[in-house]
């Protein structure tokens, strides 16, 4: 509570920093400039269309959280509930402010006490629903004071989270006690969350991300790559970062230089696709004697051994081309999505840093995913592509792991509207 009081005292200074930063930062400037207008627009839509309906507010910080909300928003009974969708990121707001998945869309304000109070007074929601971890103290606190039910869904908290750091744990315990209901994806996550929240408000419903990747996979089409990749055995390196390059280098050293060719191809999808981001990868491939091309200049007449996909937003669908998928960042900040390749029946492989992603931990424990610790181990896995029965067995195991967690969105909504 002391930290919260200190946070209140700092609010004018925080506002000053936000205003100063807006001079140099286009995203902050867009948020400030369009924020009030978007809330006013949402209020107008409420006045026009909400009669006889309960107003519920869903908050997604950015694109990733919005993907988690999609299957939930699709199931909300709009004849009974007027749904407001808020974003913090200008990028996703500008793209989705006219989405048909909600009745109104607006910015979520910066977390200042006066902003939080005015926001809730203007929109008057009955429920304030946050997905994942974008928890704003002032908004949470004043929502409670105003009698608005506060709910955290798809709650994610790992044992090494900064929320457990010395000096912060007591504040976060106070913060999590402000929620009326917390819904999370697994018993492992629940046990971690109980370090901060009372047992009476924490329930396991599953994670709506599983519903979203399942729905997306059922709509995916094999029209993203040149047709040559329809007839080859493909290994996909998804969402790779610079910290994956030493492992990849060791892997390539342990393999025959002609391993990748007409029948087996390597597809690399970096997390960042700017020219300066791709150069270290391209230099490594050149050093190892592997031919490579970017997707934007791909030549099907003289195809390379390695395709570098320099296009964002398509990785989840690209896994339909793969037999083996190595997921990046497992040797640094933490492995990226492992369920996107799993739903396409890829054999899923990743580095040892899985603690921030509960499903990666569970996939490792159940054998639905394989953890590697160095490039030599990864090379041995890549060689398994010549043994299709083994790859198929492990791919099916990964697929079943995802499918068994379907319908979390329905369970979440049942708890929200109980």
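Numbering (my numbering), first residue to last: 385 to 802. Heads up, the beta-carbon is just placed ideally off N, CA and C, and yes, glycines get one too.
Let me know the secondary structure DSSP gives residue i once reduced to three states.
i           : result
residue 458 : helix
residue 713 : coil
residue 805 : Because residue 805 is not part of the residues shown, which for the chain are 385 to 802, the question remains open.
residue 740 : coil
residue 512 : strand
residue 745 : helix
residue 719 : coil
residue 587 : strand
residue 795 : helix
residue 606 : coil
residue 484 : coil
residue 771 : coil
residue 520 : coil
residue 549 : coil
residue 415 : helix
What do you get for residue i, buried or exposed, if any count of 16 or more other CB atoms within 10 angstroms of its CB means buried?
i           : result
residue 743 : buried
residue 595 : buried
residue 562 : buried
residue 621 : buried
residue 590 : buried
residue 606 : exposed
residue 664 : exposed
residue 722 : buried
residue 660 : exposed
residue 757 : exposed
residue 631 : buried
residue 773 : exposed
residue 433 : exposed
residue 449 : buried
residue 746 : buried
residue 538 : buried
residue 704 : buried
residue 407 : exposed
residue 592 : buried
residue 505 : exposed
Taking residue i as the reference, give the member of the options with the closest Cα.
i           : options            : result
residue 609 : 677, 748, 632, 627 : 677
residue 510 : 763, 627, 535      : 535
residue 807 : 799, 690, 715, 707 : The structure shown does not extend to residue 807, since the chain is modelled only from 385 through 802, so no value can be given for it.
residue 770 : 721, 736, 654, 644 : 644
residue 724 : 753, 736, 749      : 753
residue 797 : 513, 397, 499      : 513
residue 736 : 729, 716, 727, 721 : 716
residue 427 : 389, 489, 408      : 489
residue 541 : 484, 775, 728, 575 : 575
residue 635 : 721, 424, 668, 538 : 668
residue 656 : 630, 673, 646, 623 : 623
residue 680 : 410, 726, 695, 686 : 695
residue 463 : 476, 446, 444, 440 : 440
residue 555 : 748, 389, 443      : 389
residue 640 : 403, 475, 674      : 674
residue 528 : 741, 560, 577      : 560
residue 762 : 468, 663, 734      : 734
residue 604 : 698, 618, 580      : 698
residue 714 : 700, 617, 738      : 738
residue 474 : 432, 466, 413, 777 : 413
residue 438 : 460, 538, 424      : 460
residue 619 : 647, 544, 756, 392 : 647
residue 545 : 564, 565, 573      : 573
residue 790 : 774, 446, 727      : 727
residue 470 : 444, 479, 448, 478 : 444
residue 611 : 431, 409, 565, 685 : 685
residue 793 : 416, 396, 458, 700 : 458
residue 478 : 525, 415, 558, 683 : 415
Looking at the strands, I want to know which residues DSSP matches up with residue i.
i           : result
residue 676 : 690
residue 441 : 468, 512
residue 818 : Residue 818 lies beyond the residue range present for the chain, which begins at 385 and ends at 802; the question has no answer from this structure.
residue 622 : 653, 711
residue 536 : 514, 566
residue 489 : 469
residue 706 : 618
residue 698 : None, per the DSSP bridge assignment.
residue 393 : According to DSSP, which records beta bridges pairwise, residue 393 is partnered with nothing at all.
residue 648 : 617
Would you say residue i touches the ligand ADP, meaning its beta carbon is less than 7 Å from a heavy atom?
i           : result
residue 448 : By its list of ligands, the structure shown contains no ligand whatsoever, and the ligand ADP lies outside what it can speak to.
Task: Stretch-stretch touch, CB-based, cutoff 8 Å, three pairs: the segment 449 to 466 with the segment 588 to 604 - done: yes
- [ ] Could you tell me whether the segment 494 to 501 touches the segment 520 to 529, using the rule of 3 or more Cβ pairs below 8 Å?
- [x] yes
Open item on the list: Does the segment 406 to 425 come into contact with the segment 576 to 594, if we say contact requires no fewer than three beta-carbon pairs (one atom in each stretch) closer than 8 Å?
Closed with: no
Open item on the list: Below 8 Å, how does it come out for the segment 653 to 672 and the segment 686 to 694: are there three or more Cβ pairs, yes or no?
Closed with: yes
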